[in-house]
Structures are given as C-alpha cells and as structure tokens.
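Visitor: Supplied in structure tokens, the structure appears directly below.
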Amino acid sequence: MSNNKLNIALIQSDLIWERPKENRQQLVQKINTISSQVDLVILSEMFTTGFSMNPEKNAETMEGESVTWMVDIAKQKNIALVGSIIIETFEEKVSRYVNRLLFVHPSGTIDFYDKKHTFTLAGEHEVYAAGTEKLIVDYKGWKICPLICYDLRFPVWSRNVENYDLLIYVASWPKVRTHAWDALLKARAIENMSYTIGVNRVGVDANNHEYSGNSVCYDALGACLVKNDSGNEAILEVTVDKEQQDSLRKRFNFLEDKDAFKLLN
Numbered sequence: 100m101s102n103n104k105l106n107i108a109l110i111q112s113d114l115i116w117e118r119p120k121e122n123r124q125q126l127v128q129k130i131n132t133i134s135s136q137v138d139l140v141i142l143s144e145m146f147t148t149g150f151s152m153n154p155e156k157n158a159e160t161m162e163g164e165s166v167t168w169m170v171d172i173a174k175q176k177n178i179a180l181v182g183s184i185i186i187e188t189f190e191e192k193v194s195r196y197v198n199r200l201l202f203v204h205p206s207g208t209i210d211f212y213d214k215k216h217t218f219t220l221a222g223e224h225e226v227y228a229a230g231t232e233k234l235i236v237d238y239k240g241w242k243i244c245p246l247i248c249y250d251l252r253f254p255v256w257s258r259n260v261e262n263y264d265l266l267i268y269v270a271s272w273p274k275v276r277t278h279a280w281d282a283l284l285k286a287r288a289i290e291n292m293s294y295t296i297g298v299n300r301v302g303v304d305a306n307n308h309e310y311s312g313n314s315v316c317y318d319a320l321g322a323c324l325v326k327n328d329s330g331n332e333a334i335l336e337v338t339v340d341k342e343q344q345d346s347l348r349k350r351f352n353f354l355e356d357k358d359a360f361k362l363l364n
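Just so we're aligned, residue 100 is where the sequence shown starts under the numbering used here, counting upward by one.
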C-alpha cells in the first residue's frame, strides 16, 4: 500500500547508561503517548544503552529482548519502529559486535543496517566492526535510507543515487558539536533533494558527554519543518509529503545533474 504522506514521530530521549530494560520501559511510555495516526517512530542511536564502548557487557543477538521488544511494539501499534542497538553477530563461528540500526515493519519484518563509519575519536572502530552495505527500505511506497550518527559527516555514502524519498540519521551527537549537526543535516537535505531527519538523544552519559537533542526534519530545499533545540526530552511529530517533494524535484531537476561515481570499499 502506497502513502503520499507519512506521519513520523521523533523521540528525543535521555537514556539510562547501559540499562536496556529501564530504557525500553521509559521509551514505551513515550510511544504510548503518540498519535494513533503515526506511521513511523524513530529512536536514537544505541537507545538501550547510550553510546557505550562495552559491547561484551551490553550486546544482544537478533533473538534478544530488545529486538523482540521492537517487533512487539511495531505489531501492537501498527507502526514502523527505527533505532540502533549493540548486536553480536556470528560469521563462520567468529563473534563480532556491530552498531546495528533496525527498521522494524508493522508486520514484524526487520531490515537492518550496520554503521559504516565507526567513530574513531571515541574508539568505536576498535570494538565494533564497520558495515559495508547501504540499506534502502521500501515502506508504504516510500524509499527510505537510514544511517547512523557519524555517517552524517560523509556525503558520498548518503548520495541519493537510489532516488530515495527520506533520509534518516539516528544519533548520539554531543552538544559541543551541535553546529556541525545542524549544518550537515541541512546540507544532506539540500544536496540529495530529500526529506532529512535527525534524531538525537539528550542528557549526560557516564563519560560526562552532554547531548542537546536538536532533533529535526528538513525538506528537500533545506527548510526546517520541525525542530527541538531545548535540550530536554521531547516527542516531535511531522508529516512529510512525497507528492510535494516529487513536484519540487521535477521543477528544479538538480538530481538529474549529479556526478556519476562508483564506491570502492
């Protein structure tokens, strides 16, 4: 079923450090307050733990409690639910950890993306394996590209060669670099002629890093449709319109002039 419009909720939440059960409990309370008309709910990066470099302690499997929780919520609420968590995977009997974004459909079907650009400044590259595959999700007739935090700094990775309709970043982006967050999200929207959403956490983590939220949605021309820069917890709701975006793309035609390139991983 195709929808010209998508109703989206952005949950800007504080997180309890490395306490998945408590974070799930507080997030479900927030989800329960959201309008029944919402199609898609977006959580932040590592929403069960905060941005932890302790995967041995916090990792779950794809059969674990947090994934099961996401599936149950998506089915009960008839929504798609998006966010990233720490996942342990096994390839050829070798264990590795990834920062994995899950896009859970209302049916319970899961699409996932492993963060490609691990945040070297925090040592993420030393404990998490980098993903290699870009994900484009088909949801209600929309093509959605979901990415994670540090990916925002690398425009080639998000370049709209797939003609996607919506670009999403889930993040744990510190307050000290809020200016870059705002500027880069707006740039990604303009250069890709796509609705672009950033969902960031708030609060202070166990490493004394402060997060100011600044969750936002920009349209294809870089106009701000909704934003919360209060530094407080908030739920933002926004409606995006594919027909309107397609009309803008047809009018300005910028994507037709994009450079051709091939990514070499």
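We put the beta carbon where it would ideally sit given N, CA and C, even for glycine.
Less than 7 angstroms between C-beta atoms, sequence neighbours within five positions excluded: which residues of the same chain meet that for Leu-320?
Guide: Same-chain partners within the cutoff: Ile-289 and Leu-347.
Visitor: Are the beta-carbon atoms of Lys-274 and Asp-250 separated by less than 8 angstroms?
Guide: It is not a contact, given that the beta carbons lie outside the stated cut-off.
Visitor: So, with DSSP's three-state summary, where would you put Ile-178?
Guide: Note: Ile-178 maps to coil in three-state DSSP.
Visitor: Counting beta carbon pairs with one atom in the segment 218-232 and one in the segment 194-209, are three or more of them shorter than 8 angstroms?
Guide: Result yes; three or more Cβ-Cβ pairs closer than 8 angstroms.
Visitor: Taking a contact to mean a Cβ-Cβ separation below 8 angstroms, would you say Leu-105 touches Leu-142 in this structure?
Guide: No. Outside cutoff.
Visitor: Mind checking whether Val-166 and Glu-155 have CB atoms under 8 angstroms apart?
Guide: Not in contact: Val-166 and Glu-155 (Cβ atoms no closer than 8 angstroms).
Visitor: Here's the rule: buried if 16 or more other CB atoms are within 10 angstroms of the residue's CB, otherwise exposed. What is Glu-144?
Guide: Buried.
Visitor: Rounded to a whole number of angstroms, what is the C-alpha to C-alpha distance between Phe-351 and Asp-264?
Guide: Spanning the two alpha carbons is a distance of roughly 16 angstroms.
Visitor: Here's the rule: buried if 16 or more other CB atoms are within 10 angstroms of the residue's CB, otherwise exposed. What is Phe-189?
Guide: Looking at its Cβ environment, which holds fewer than 16 other Cβ atoms inside 10 Å, Phe-189 is exposed.
Visitor: Val-137 and Ile-172 - do their beta-carbons sit closer together than 8 angstroms?
Guide: No. Outside cutoff.
Visitor: Ignoring anything shorter than 3 residues or poking outside the segment 173-225, list the beta strand (DSSP E) runs there in chain order.
Guide: Runs of the beta strand (DSSP E) inside the segment 173-225: 179-190, 193-203 and 209-213.
Visitor: Might you give, ordered along the chain, the residues of its own chain that have their beta carbon closer than 7 angstroms to the beta carbon of Asn-103, omitting 5 neighbours on each side?
Guide: Answer for Asn-103: Asp-340, Lys-341 and Glu-342, listed in chain order.
Visitor: Taking all protein chains shown into account, decide if Asn-299 is buried (16 or more other Cβ within 10 angstroms of its Cβ) or exposed.
Guide: So Asn-299 ends up on the buried side.
Visitor: Specify, as a first and last residue, the run of the beta strand (DSSP E) that Val-127 falls within.
Guide: Element bounds for Val-127: not the beta strand (DSSP E) but the alpha helix (DSSP H), 119-130.
Visitor: Leaving out the 5 sequence neighbours to the left and right, which residues in its chain are closer than 7 angstroms to Lys-129 when beta-carbon positions are compared?
Guide: If we look at Lys-129 and ignore the five residues flanking it on each side, its Cβ neighbours are Ile-110, Ser-112 and Ile-334.
Visitor: Extract the residue ranges of the alpha helix (DSSP H) inside the segment 293-341, only unbroken runs of 4 or more that lie entirely within it.
Guide: Runs of the alpha helix (DSSP H) inside the segment 293-341: none found.
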